[in-house]
Structures are given as C-alpha cells and as structure tokens.
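Since the structure comes first, as structure tokens, the remarks are kept for the end.
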Amino acid sequence: MLTVITGPMFSGKSIEMIRQVNRSKIAGKRVIVFKFTADNRYSQTEASSYDGFSTWAIPASTAEEIFARVEPDHEVVAIDEIQFFDDAAVDIIFDFVKQGKEVIVTGLNLDFRGLPFELRGGTRTMADLLVRADSIMSLHAICTFKNGHICGAPATRTQRLRDGQPVAVDDPIVQIGSSESYEARCLKHHIVLPAQNI
Ligand SMILES: [Zn+2]
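Structure representation (structure tokens):
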C-alpha cells in the first residue's frame with residue numbers, strides 16, 4: 029500500500045507524515061523513517077528541523093541507501109521529500125509495496141515551473157508515484173503573495189524567488205531553499221518568467 033502526501037512547499041506534508049508514522053507506532057508496527065539529506069557527512073548533527081523530526085529520521089541521499097537499511101520485518105517505510113531522490117527510488121518503493129509493506133512518502137508534486145517534479149536522473153517524475161498510489165493526500169498551503177495585503181487563497185504552487193523577484197522558466201530546478209527564496213502561491217499569483225537562456 030502506497031500513500032503519497034503531496035502539495036507545494038509549506039503545505040504541511042512532513043507534519044502529516046509524522047502524524048501517520050506516530051499512528052503506526054501506536055499500533056505497534058515496526059516503522060523506519062528516512063529524510064533526504066544532500067550531504068550525509070553533516071546530516072547526523074543537523075538541527076534543521078522545527079519539530080524534532082531530524083532526531084529520529086535516518087538521513088539518506090540515494091534510493092540505494094534506503095534499500096540497504098530496510099529489513100524484512102519493517103512493516104512501515106516512510107520517506108520524506110522523495111522528489112529529491114534518484115530515479116531508482118520509484119522501483120524500490122514499489123518493491124516494498126509488493127512485499128506487503130506500507131509505504132508513506134511526501135513529495136512536491138510540481139516544481140517551481142508548475143511541471144511534474146523530476147527525480148534525480150530525469151527518467152522518473154512524481155507523476156510515476158502519484159498515478160500508482162493507493163492513497164493520495166493533496167495538501168494546500170496558503171498563498172502569501174502580497175499586494176498591500178496577503179492573498180490568503182489556497183496555494184497549490186511553489187513560487188521560486190531570487191532577490192524577491194520571480195525567476196525564469198530555465199532557472200536550475202533543484203535548489204534546496206528557505207522561505208527567503210520560495211513562497212506558496214495560488215495559481216493566479218504563480219509567476220514564471222520566459223526563458224533567459226543564461
Ligand atoms: Zn494568491
């Protein structure tokens with residue numbers, strides 16, 4: 029059984045995953061949790077999480093690292109930010125599902141351009157997981173576009189900003205960012221500039 033928790037940045041995907049993981053733990057299931065890290069050497073001491081998440085999630089940067097850690101008697105496998113992993117993550121997830129495991133992943137469905145988020149390698153996208161998921165939780169954030177006041181509409185898109193300005197469609201895709209460079213936006217306020225060919 030595969031559950032995909034998806035939506036733009038700031039939509040609470042990780043918090044929802046933690047809620048589901050905690051329920052599985054209460055039920056006495058054997059659970060293993062992974063979070064993406066760009067660099068394993070530093071992640072063990074990383075204090076980036078606002079909710080204690082990093083204290084019990086295993087840092088991983090490739091699908092192979094996940095595969096190597098999951099044991100036959102793990103009943104629940106949870107992976108945060110699956111969109112940052114490599115293409116092999118898709119096959120590994122469905123291997124786990126076939127083995128009867130419950131797999132819960134979070135991931136951005138769309139990149140800043142509003143296109144299906146490509147996994148590393150570029151042959152798989154989040155769509156490959158979403159179309160075969162048994163359960164999809166599509167979360168919304170709140171549009172924080174400001175024009176005198178905050179828009180406040182449900183946000184389905186992730187706006188990439190550089191120096192406060194919308195970026196072009198040919199801006200590099202993966203940039204693990206902070207709130208300074210990304211905002212949740214509604215469709216009306218999601219702005220992607222034409223290619224700059226830089
Ligand atoms: Zn808006």
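29 is the number of the first residue of the sequence shown in the working numbering; add one for each residue after it.
Where is the CB? At the ideal position from N, CA and C, for every residue including glycine.
Predicted model, so just to flag it, every value in this text is computed and none were measured.
Exclusion of H102 from the 6 angstroms shell around ligand 1 follows from its C-beta lying no nearer than that to any non-hydrogen atom of the ligand.
Annotated three-state conformation of L157 is helix, per DSSP. For V131, the CB contacts under 6 angstroms within the same chain, skipping 5 residues up- and downstream, are L30, V105, I121, F124 and V125 in chain order. Membership of S42 in the alpha helix (DSSP H) is indicated by the continuous run K41 to I54.
A distance below 7 angstroms between beta-carbons, with the five flanking residues on each side excluded, links G149 to the following residues of its chain, in chain order: D114 and D115. Not a single heavy atom of ligand 1 lies less than 6 angstroms from the C-beta of A169. Ligand 1 never approaches H218 closely enough for any of its heavy atoms to be under 6 angstroms from the residue's Cβ. With a cutoff of 7 angstroms on beta-carbon distance, S39 and A161 are scored as not near each other. Here H177 is exposed. Its C-beta has fewer than 16 other C-beta atoms within 10 Å. When H217, A88 and V195 are compared, the shortest CA-CA separation from K174 is found for H217. Distance from the CA of V118 to the CA of I164, rounded to the nearest whole angstrom, comes to 16 angstroms. In this structure, A85 keeps its C-beta atom at 7 angstroms or more from the C-beta atom of V49. With respect to the 7 angstroms criterion, Y210 and T184 are not classified as neighbours on the basis of their beta carbons.
DSSP assignment within the region 102 to 189 yields the following whole alpha helix (DSSP H) runs of 4 residues or more, N-terminal first: 116 to 126 and 154 to 158. Per DSSP, the continuous beta strand (DSSP E) segment holding E211 begins and ends at Y210 to R213. With 16 or more neighbouring CB atoms inside 10 Å of its own CB, S42 falls in the buried class. The beta-carbon separation of A212 and M37, rounded to 6 angstroms, stays under the 8 angstroms limit for a contact. The residue among P144, Q111, H102 and F140 with its C-alpha nearest the C-alpha of K129 is H102. Ranked by how close their Cα comes to the Cα of D199, the residues R152, R141 and T172 have R141 in first place.
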